Amino acid sequence: VLQGSDLIRPETALKVRKAIEDVGYVYNRGAANLRKAHSNVIGMVINDLTNPFFAEMAVGMERVFQSAG
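Numbering-wise, this note's numbering puts 29 at position 33 of the sequence shown, and it's gapless, one number per residue.
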């Protein structure tokens, strides 16, 4: 229901959403990513972004990652 599955009947989804609202449940994306065993997050450690080489490398990496989805 939380991820918009078409496999759930609309009546059931409505009941679940109401229950979620009633108890004040908040979906935790971080916890969901841990369950999937991957988060699609890439980290970069760059010691000096003021250095044009590293700054350009970071921009280039970001472009490649964005195009890859």
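Every residue, glycine too, gets a C-beta built ideally from N, C-alpha and C. Just so you know, these numbers come straight off a predicted model, no measurement behind them.
| task | Can you tell me the Cβ-Cβ gap for residue 12 and residue -3, rounded? I've got them flagged as a contact below 8 Å. | result | Rounded, the Cβ-Cβ distance is 4 Å, consistent with contact.
| Cβ shell of residue 38 (< 7 Å), same chain only, five flanking positions each side left out | So the list reads 61, once near-sequence residues are dropped.
| task | For residue 8, name the three-state secondary structure that DSSP assigns. | result | Residue 8 carries a helical assignment under DSSP once its states are collapsed to helix, strand and coil.
| So what does DSSP say about residue 40, is it helix, strand or coil? | Note: residue 40 maps to coil in three-state DSSP.
| Using the C-alpha atoms, what's the distance from residue 7 back to residue 34? | Answer to the nearest angstrom: the Cα atoms are 32 Å apart.
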